[in-house]
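Just add 1 to wherever you are in the sequence shown, counting from 1, and you've got our numbering. For every residue, glycine included, the Cβ atom is placed at its ideal position computed from N, Cα and C. Below: one structure, written as structure tokens.
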Amino acid sequence: MRQFALLLVIALFFGCTQETATPGGDSGSSWEGFEIENIDGARLQHLTRTVNGILQEEGFLRDGKKTGEWVLYYSDDNNFPKDISNYVDGELHGLHTTYTVRGQMEEMAQYAYGKLEGRFVKNKYGRITEEHHYKNGLLHGTFTKYHENSDVVQQQVEFKDGKEHGKFRFFNEQGELTVEYDYENGKKVGGGMVGGGN
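Dropping the structure here:
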């Protein structure tokens, strides 16, 4: 009976240990330096990478490809996330956000199978500095850029399938329209300086 108990303890020990091997390809990615834990009853593995005892990155693999949420951390010990991304079959899919070392959001984007899709926002000190819209990885819709440290629009451009299409406008710091061009399929077809912009 003691031998059986000893064998059971050894089997449990080896069954629960974590490996540091490379589990195969995520488009050629190497998982060297990651601690890998197999998740029982699933084709998932939980990966973590630490440097000097500080967590640097963590996420999941399914069949050797990134899946679900992956988090990169700043290398100091305050453990703020630097980047939070979602994956399906090794491709960015869903919400992707980046943060400053103080935990303020810098960028927020949506992805669909590796391509930008929908709203993309850049922030600085809690203020939106740029807002774009994407369709199938290409700019599509209104691109807006704001004057630094202000909520006043500096530039607004309409895009269709990655090309300027519609109005292309510049505004001064008072919000007055200074330049307006018309575009069709990426080519300027008219416009120029308008009143109020000195």
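Thinking just about the alpha-carbon of each residue, which of the options is nearest to the one in residue i?
{"i": "Thr-99", "options": "Val-153, Ser-31, Glu-107", "result": "Glu-107"}
{"i": "Lys-188", "options": "Arg-44, Gly-34, Lys-161, Glu-70", "result": "Lys-161"}
{"i": "Leu-178", "options": "Met-194, His-166, Leu-117, Gly-34", "result": "Met-194"}
{"i": "Phe-172", "options": "Ser-151, Tyr-75, Val-190", "result": "Ser-151"}
{"i": "Tyr-114", "options": "Leu-73, Asp-84, Glu-92", "result": "Glu-92"}
{"i": "Ile-85", "options": "His-97, Phe-61, Thr-51, Glu-174", "result": "His-97"}
{"i": "Glu-149", "options": "Glu-70, Phe-61, Lys-125, Asn-39", "result": "Lys-125"}
{"i": "Lys-164", "options": "Gly-176, Glu-181, His-134", "result": "His-134"}
Residue i lies in the beta strand (DSSP E); which residues open and close that run?
{"i": "Gly-142", "result": "142-147"}
{"i": "Arg-170", "result": "164-172"}
{"i": "Tyr-126", "result": "Note, Tyr-126: premise wrong, no beta strand (DSSP E); not H, not E."}
{"i": "Tyr-88", "result": "82-89"}
{"i": "Tyr-112", "result": "106-113"}
{"i": "Val-102", "result": "Careful: Val-102 lies outside any beta strand (DSSP E) and carries neither H nor E."}
{"i": "Val-154", "result": "154-161"}
Are residue i and residue j close, meaning C-beta to C-beta below 8 Å?
{"i": "Phe-169", "j": "Val-158", "result": "yes"}
{"i": "Leu-48", "j": "Ile-37", "result": "yes"}
{"i": "His-166", "j": "Asn-137", "result": "no"}
State the beta-bridge partners of residue i as determined by DSSP.
{"i": "Tyr-184", "result": "Gly-167, Lys-189"}
{"i": "His-133", "result": "Phe-121"}
{"i": "Phe-92", "result": "The sequence shown places Glu at residue 92, not Phe. DSSP output for Glu-92 lists Val-89 as bridge partner(s)."}
Any Cβ of chain C within less than 8 Å of the Cβ of residue i?
{"i": "Lys-146", "result": "Protein chains in the displayed structure number just one, and chain C is not present."}
Just to confirm the assignment: which complete beta strand (DSSP E) runs, minimum length 3, are found wholly within the region 37-76?
List check, beta strand (DSSP E) in window: 45-52, 55-63, 66-74.
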